[in-house]
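Student: Here the protein sequences line up with chains A and B, keeping their order.
If you count the first sequence from 1, position 88 lands on 72 in my numbering, and the numbers rise without skipping.
So my numbering is basically just the index in the second sequence, starting at one, shifted up by 227.
Ideal placement from N, C-alpha and C gives every residue a C-beta, glycine not left out.
Please read all numbers here as calculations on a predicted model, not as lab measurements.
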Amino acid sequence: ETGVTQSPTHLIKTRGQQVTLRCSSQSGHNTVSWYQQALGQGPQFIFQYYREEENGRGNFPPRFSGLQFPNYSSELNVNALELDDSALYLCASSSGGEYYGYTFGSGTRLTVV
Amino acid sequence: QQQVKQSPQSLIVQKGGISIINCAYENTAFDYFPWYQQFPGKGPALLIAIRPDVSEKKEGRFTISFNKSAKQFSLHIMDSQPGDSATYFCAASSMAGGGNKLTFGTGTQLKVEL
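1) Say whether chain A places a C-beta atom closer than 8 Å to the C-beta of residue 271 of chain B.
2) With distances taken Cα to Cα, identify the nearest neighbour of residue 230 of chain B among B:311, B:250, B:281.
3) Assuming residue 329 of chain B and residue 248 of chain B are in contact, meaning their beta carbons sit under 8 Å apart, how far apart are those beta carbons, in whole angstroms?
4) Does the count of Cβ pairs from the stretch 6 to 18 of chain A and the stretch 62 to 78 of chain A closer than 8 Å reach three?
5) Looking at the structure shown, is residue 309 of chain B part of a helix, part of a strand, or coil, going by DSSP?
6) For residue 306 of chain B, which option in B:282, B:257, B:290, B:274 has the closest C-alpha, if you only look at C-alpha atoms?
7) Of the residues A:-9, A:6, A:27, which one's Cα is nearest the Cα of residue 43 of chain A?
8) Tell me the rounded alpha-carbon separation between residue 256 of chain B and residue 295 of chain B.
9) Using 8 Å as the threshold, is the C-beta distance between residue 155 of chain A and residue 20 of chain A below it?
10) Sort out for me which residues DSSP pairs residue 16 of chain A with in a bridge.
11) In terms of DSSP beta bridges, what is residue 60 of chain A paired with?
12) For chain A, find out if any of its Cβ atoms is closer than 8 Å to the Cβ of residue 302 of chain B; answer yes or no.
13) Using only the heavy atoms of the ligand SAH, determine whether one of them is closer than 7 Å to the beta carbon of residue 253 of chain B.
14) Can you say whether residue 23 of chain A is buried or exposed, counting buried as having 16 or more other CB atoms within 10 angstroms of its CB?
15) Would you kindly check if the distance between the Cβ of residue -5 of chain A and the Cβ of residue 94 of chain A is under 8 Å?
16) Relative to the C-alpha of residue -2 of chain A, which residue among A:8, A:30, A:67 is closest?
17) Based on the DSSP output, what are the partners of residue 41 of chain A in its beta bridges?
18) Could you spell out where the beta strand (DSSP E) holding residue 238 of chain B opens and where it closes?
19) Counting only beta-carbon separations shorter than 8 Å, does residue 257 of chain B have a partner in chain A?
20) Count the other CB atoms, across all protein chains shown, that sit within 10 Å of the CB of residue 261 of chain B; report buried if there are 16 or more and exposed otherwise.
21) Mind checking who residue 21 of chain A pairs with in its DSSP beta bridge?
22) Helix, strand or coil for residue 67 of chain A per DSSP?
Following this line, the structure appears as structure tokens:
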């Protein structure tokens, strides 16, 4: 199966709760990045994982955390949800190294009420 | 701090016309400049990309023009079609500092009218 798959597609959570978003990377890709896209804005880099290790992080607080598994799938965890966390969360995979091409998933739309 | 500035915010072009979207960057460490196309409810899809060692790259109806000294790059869509109506994002990337994160512009909503 090709492409990046994200689940769930939509999610509604209450302020203060915790959420886990999942991503299956494209076949052959060992690097996964997560982005937050607020309505009407460009995606903002959260962090990147390469071979199960975090190797880059954007300007997001520690309550945003992640994991990458041996099969290169990934999770994004957000604790103590705030209203401003409402956004489209995008996962992107690439083969890393000198190859810059990212393949994005369709995202998870998170609404915090 | 916005490192990639994109304009215009929105653009209306007649079918068959040329769509032009501009971006400017600040970080001279950037060494990869892609353009992404995003339809509603979908993730961004890579359209075309350029490295700073060339001034122009063309793929079909899409062309990137790159001006390294001015730290500017632009996307030209020739013979624009209604199917091109989408949001376009410029981005920039650098391997410096570890990882190859993308820094995106704020997006341009393109509408191609019949």
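Tutor: Quick answer:
1) yes
2) B:250
3) Going by Cβ atoms, the distance from residue 329 of chain B to residue 248 of chain B rounds to 17 Å, so no, they are not a contact pair.
4) yes
5) helix
6) B:290
7) A:27
8) 11 Å
9) Residue numbering for chain A in the displayed model covers -15 to 97; residue 155 of chain A lies beyond these limits and cannot be assessed.
10) A:33, A:77
11) A:5, A:50
12) no
13) The ligand SAH is not part of the structure shown, which contains no ligands of any sort.
14) exposed
15) yes
16) A:67
17) A:31
18) 237 to 241
19) no
20) buried
21) A:72
22) helix
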